[in-house]
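J.: A single structure is presented below for examination.
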Amino acid sequence: MYHSKLIAGFAGPLMLALGITLLFNRQLFPAMASQIANDYAVIVLSGVLALTAGIAIVRVHNTWTRDWTVIVTILGWLLILSGLVRMWFPQMAAPIATSFAGSSEHLILPGLILAGLGAFLSYKAYA
C-alpha cells in the first residue's frame, strides 16, 4: 500500500493538472499536436520519458489486485506501451496525435477523464 500511495501521490496531481490544462487550453492543442507531429525527435524523447516512468512504476508496483491500487499498475503498463510505440514507430504516433487533437471538442472527454482520475488518485494518496 505504501508504494501505491507514493506513486498515486505523484501521478494524481500531475494527471489532475494535465486534465485541467486540456480543458482550459483545448483550443491550443490542435496547433501543438501538428507542430509535434513534424518533430520525430520530440516524439521519441517523449517515448523515452514515458518508458522510464512506466518501468519505474511497474518495477515497484506490479500488483494485480481488486482494489484501487490496480490503477497504478495499469498506468505503469500503459506508460511502457505508449513509450515503446513512440520510440519504435514515431511516424505512426504523429498522425495519431494529430487526429486525436484535430478538434478542440475532442479533448473535453479526455480532459474530464484525466482530471477525474487524477483527483481520485490524489484523494487516495493524501487522504
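For the sequence shown, the residue numbers in the working numbering are 100 to 226.
Just so it is clear, CB atoms sit at the ideal spot from N, CA and C, and this is done for glycine as well.
(1) Only counting the same chain, and skipping five residues up and downstream in sequence, which positions put a Cβ closer than 7 Å to that of A140?
(2) Fully enclosed by the region 170-212, which alpha helix (DSSP H) runs are 4 residues long or longer?
(3) Three-state secondary structure (DSSP) at R165?
(4) Measure from the alpha carbon of H205 to the alpha carbon of each residue in G108, M131, Q126, then state which is nearest.
T.: Result, derived from the coordinates:
(1) Here residue 140 refers to the residue found at position 41 of the sequence shown. Around A140: no qualifying Cβ.
(2) Complete alpha helix (DSSP H) runs here, min 4: 189-199.
(3) Your numbering for residue 165 matches position 66 in the sequence shown. Of the three classes helix, strand and coil, the one that applies to R165 here is coil, per DSSP.
(4) For this step, residue 205 is matched to residue 106 along the sequence shown. Nearest of G108, M131, Q126 to H205, Cα basis: Q126.
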